[in-house]
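Colleague:
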Amino acid sequence: MQPVNKTKKFEVKIKSPMGPIKVYVELTMYTETEFGGTAKLMGLTIPYENGKVNGSSYQFGIQVKLPFGVLPVEVDANLAADGTVTGLAHAPNHKPMKIEGAQVQ
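Residues in the sequence shown are numbered consecutively from 1486, following the numbering used here.
(1) Less than 7 Å separating the beta-carbons of L1564 and V1570?
(2) Which class does M1514 belong to by DSSP, given the choice of helix, strand or coil?
(3) Since V1497 and V1510 are thought to touch, with beta carbons under 8 Å apart, how far apart are those beta carbons, to the nearest angstrom?
(4) Give the straight-line distance between the Cα atoms of I1531 and A1576, rounded to the nearest whole angstrom.
(5) Expressed to the nearest angstrom, what Euclidean distance is found between the alpha-carbon atoms of T1492 and M1503?
(6) What is the residue span of the beta strand (DSSP E) that S1541 lies within?
(7) Return the Cβ separation of Q1588 and G1572 in integer angstroms, given the expectation that the two are a contact with Cβ distance under 8 Å.
(8) Does the beta-carbon distance from G1546 to N1535 come in below 7 Å?
(9) Taking the alpha-carbon positions, what's the Q1590 to H1579 distance?
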């Protein structure tokens, strides 16, 4: 069971074709299965409200505003009991990118 209104913080790296991208994610549980928060990457802070939890699986989407347009990224991550984060980030016209990191708070 997820505690409602509890904020969790994560530090992860996405292994992108351009090289590793460090991402800081904050999420707040709205219900036992829904969350929202922010993802900070490449100098941008991107809010999201569409997070879903199913057991240890966390899924959400963000819209990264780049100079050439908006890049939608869907994140599918797993949170282990020890706080380890693994998963994949999916963006159009890209191979799935591995995610690795940990919960920091």
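Cβ atoms here follow ideal geometry from the backbone N, Cα and C, with glycine treated the same way.
All values derive from a computational prediction rather than experimental measurement.
Modeller: Straight from the coordinates:
(1) Remark: C-beta atoms of L1564 and V1570 approach each other more closely than 7 Å.
(2) M1514: strand per DSSP, three-state reduction.
(3) With 8 Å as the limit, V1497 and V1510 qualify as a contact, their Cβ atoms being about 7 Å apart.
(4) Put simply, the backbone Cα of I1531 is about 16 Å away from that of A1576.
(5) Each residue's Cα considered, the two are about 30 Å apart.
(6) For S1541, no beta strand (DSSP E) segment is defined, and its DSSP state is neither H nor E.
(7) About 13 Å separates the CB atoms of Q1588 and G1572; that is not less than 8 Å, and the two are not in contact.
(8) Yes, they are a contact pair.
(9) Between Q1590 and H1579, the C-alpha separation is close to 31 Å.
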